[in-house]
Amino acid sequence: MEPEPSTAALLEAITALTATVGSLQAQITSQGQQLIELKAICKETANLLGDKDQGAPQAQPGPLIGPVTPPTHSGGETHTPGTIRPGLKAPFRPSRGTGFDSKDKEEPRRPKKEPQGTPARHLGSLTPLTQGLAGRKATQWLDRMMLWVALHRDQFDEEEQMVVWILYHMTDKAADWALPIIGTIIKGEGNPPTTIQALTAKFKEAFANPNAKRAAARKIAALSQTTTTSEYVTEFRNLMAELDWNKEAYIAQFTQGLHWKVKELLSTKDSIPDELEAIFAASIRIDNIRRKNKENHPKKAPAKSPATVATTSTTTTQRVRLSEDPNYVTPEERDRRRASGLCVKCGQKGHGIKQCPNGWKATVKEVAKVAEDVELGKD
417 MEPEPSTAAL LEAITALTAT VGSLQAQITS QGQQLIELKA ICKETANLLG
467 DKDQGAPQAQ PGPLIGPVTP PTHSGGETHT PGTIRPGLKA PFRPSRGTGF
517 DSKDKEEPRR PKKEPQGTPA RHLGSLTPLT QGLAGRKATQ WLDRMMLWVA
567 LHRDQFDEEE QMVVWILYHM TDKAADWALP IIGTIIKGEG NPPTTIQALT
617 AKFKEAFANP NAKRAAARKI AALSQTTTTS EYVTEFRNLM AELDWNKEAY
667 IAQFTQGLHW KVKELLSTKD SIPDELEAIF AASIRIDNIR RKNKENHPKK
717 APAKSPATVA TTSTTTTQRV RLSEDPNYVT PEERDRRRAS GLCVKCGQKG
767 HGIKQCPNGW KATVKEVAKV AEDVELGKD
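See below:
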């Protein structure tokens with residue numbers, strides 16, 4: 417017969433069993449929490465994809481269930497799944513030259529903590545790129561997608577995954593353009609875009625409006641500063657978004673359109689910056705100081721224009737010459753004749769000024785008044 421275990425051994429066994437039960441309870445709680453989060457992901461997936469069969473292969477890529485951060489009951493930690501491709505059970509992590517390699521073990525990711533008060537971000541706010549979007553609307557769509565991946569950068573292992581995630585949000589004819597690129601990335605063949613910068617360049621070649629670049633080039637060439645430098649910089653940046661010039665061309669065009677005073681003060685700096693952003697900042701600072709000094713500068717009283725003086729002198733001389741004419745009729749006499757129904761020129765009845773056969777004739781009283789005025793002027 418085996419000896420009976422001692423009390424100490426029993427207590428030790430009970431303690432170990434209690435610890436095991438506690439560990440199992442913790443695992444059950446954790447799995448329950450993960451199940452809740454998985455349900456939230458499935459619900460969001462159903463909202464995005466509708467009633468499509470998730471297990472069947474797709475003829476063309478549809479909207480992708482990308483990185484999501486579903487809120488939890490505690491409002492803090494969230495479970496961050498890998499990027500999932502519709503129709504695949506495992507996270508989609510393509511790599512150059514290897515395709516899908518499920519044998520490689522990866523370290524589990526730590527749950528991401530969202531800042532308190534941060535609104536939940538979801539894919540429902542992102543519209544897939546369709547055949548109807550082109551030109552500026554297409555580039556704006558790409559900008560929104562870039563913002564999304566920037567906010568979720570820590571949820572991607574490689575930049576290549578960001579590229580694939582963006583491509584999978586293209587539908588209709590846009591998906592016809594994206595599908596071959598996705599295939600070459602997965603197979604590791606050819607030279608597909610595997611960086612955000614390369615994808616942006618290739619995207620603009622396919623969807624950007626070619627006429628928009630020429631129009632932007634004309635506008636930026638005609639652009640000049642008419643208000644503040646800050647507003648001029650804003651307009652210049654908007655046109656830059658449509659162009660792909662080099663740094664030197666942007667700097668030359670920007671300085672050409674600057675206000676002459678800002679350009680002059682900028683040229684007097686000991687060290688002129690050679691970076692476009694630095695030139696923007698320096699020009700804005702110079703213009704702000706210039707405007708502030710102009711407001712504080714005392715205003716001078718406006719001087720009388722020489723042209724006005726000359727005009728007044730000329731008019732006075734002409735009046736003096738007219739008044740010396742014995743047949744000069746003063747404005748007052750003309751008004752009197754007109755009111756009395758007389759000819760304005762000669763002062764007689766029976767005809768008008770256009771039919772007057774006599775010409776300008778001053779009355780005796782009027783001639784005497786004019787002569788008196790001339791004598792007073794000489795004295």
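Start counting at 1 in the sequence shown, then tack on 416, and there's your number in my numbering. Backbone N, C-alpha and C define an ideal beta-carbon position, used for all residues, glycine too. If you're wondering where the values come from, they're calculated on a predicted model, not measured in any experiment.
query, result
"Look at the alpha carbon of ALA432 and the alpha carbon of SER446, and state the distance between them as a whole number of angstroms.", "21 angstroms"
"Is it right to say HIS585 is buried, meaning 16 or more other beta carbons lie within 10 angstroms of its own, or is it exposed?", "buried"
"Output the distance between the C-alpha atoms of LYS618 and HIS713, rounded to the nearest integer angstrom.", "54 angstroms"
"Starting from PHE397 and walking both ways along the alpha helix (DSSP H), at which residues does that stretch end?", "What the structure shows of the chain is the stretch from 417 to 795, and residue 397 is not part of that stretch, so it cannot be assessed."
"For LYS679, collect the residues of the same chain with a Cβ closer than 8 angstroms to its Cβ; drop the 5 residues on either side in sequence, then sort them by chain order.", "THR671"
"The alpha helix (DSSP H) that contains TYR666, what's its start and end?", "663-673"
"Taking Cβ positions, are THR616 and ASN704 nearer each other than 9 angstroms?", "no"
"Please list the terminal residues of the continuous alpha helix (DSSP H) segment that includes ASN709.", "692-712"
"Identify whether ILE597 lies in helix, strand or coil by the three-state DSSP scheme.", "helix"
"Looking at the secondary structure, which residues open and close the alpha helix (DSSP H) in which LEU681 lies?", "676-683"
"Helix, strand or coil: which one does DSSP assign to ARG509?", "With a pLDDT of 45 at ARG509, under the threshold of 50, the modelled position of this residue cannot be trusted; read the value that follows with caution. Three-state DSSP puts ARG509 in coil, outside helix and strand."
"When you compare the CB positions of ARG552 and ASN625, do they come within less than 9 angstroms of one another, or not?", "yes"
"Could you check what DSSP says for ALA435 in three-state terms: helix, strand or coil?", "helix"
"If you measure from the CB of ARG653, is any heavy atom of the ligand HEM nearer than 8 angstroms?", "This structure does not include the ligand HEM; it has no bound ligands of any sort."
"Which residue comes first and which comes last in the alpha helix (DSSP H) that contains PRO626?", "626-638"
"Note down the Cα distance separating THR611 from ALA697, rounded to an integer number of angstroms.", "30 angstroms"
"Does the distance from the C-beta atom of LEU674 to that of SER646 stay below 9 angstroms?", "no"
"Identify whether LYS777 lies in helix, strand or coil by the three-state DSSP scheme.", "coil"
"Tell me the DSSP secondary structure of GLN447 in three-state form.", "helix"
"Measure from the alpha carbon of ASN743 to the alpha carbon of each residue in THR434, LEU758, ASN774 and ASP751, then state which is nearest.", "ASN774"
"My assumption, with CB atoms under 8 angstroms, is that LEU639 sits in contact with LEU659. Please give the rounded CB distance.", "Wrong, their Cβ atoms sit about 12 angstroms apart, outside the cutoff."
"On the criterion of 16 or more Cβ atoms from any shown chain inside 10 Å, does ALA637 qualify as buried, or is it exposed?", "exposed"
"With distances taken between CB atoms, is the gap from GLY763 to ARG753 smaller than 9 angstroms?", "yes"
"Report yes if the CB atom of PHE572 is closer than 9 angstroms to the CB atom of TRP564, and no otherwise.", "no"
"Looking at the secondary structure, which residues open and close the alpha helix (DSSP H) in which THR650 lies?", "645-656"
"Would you kindly report the start and end of the unbroken alpha helix (DSSP H) that includes LEU615?", "612-623"
"Among the candidates MET562, THR587 and ALA591, whose CA atom is the shortest distance from the CA of GLN577?", "MET562"
"Does DSSP put VAL760 in a helix, a strand or coil?", "coil"
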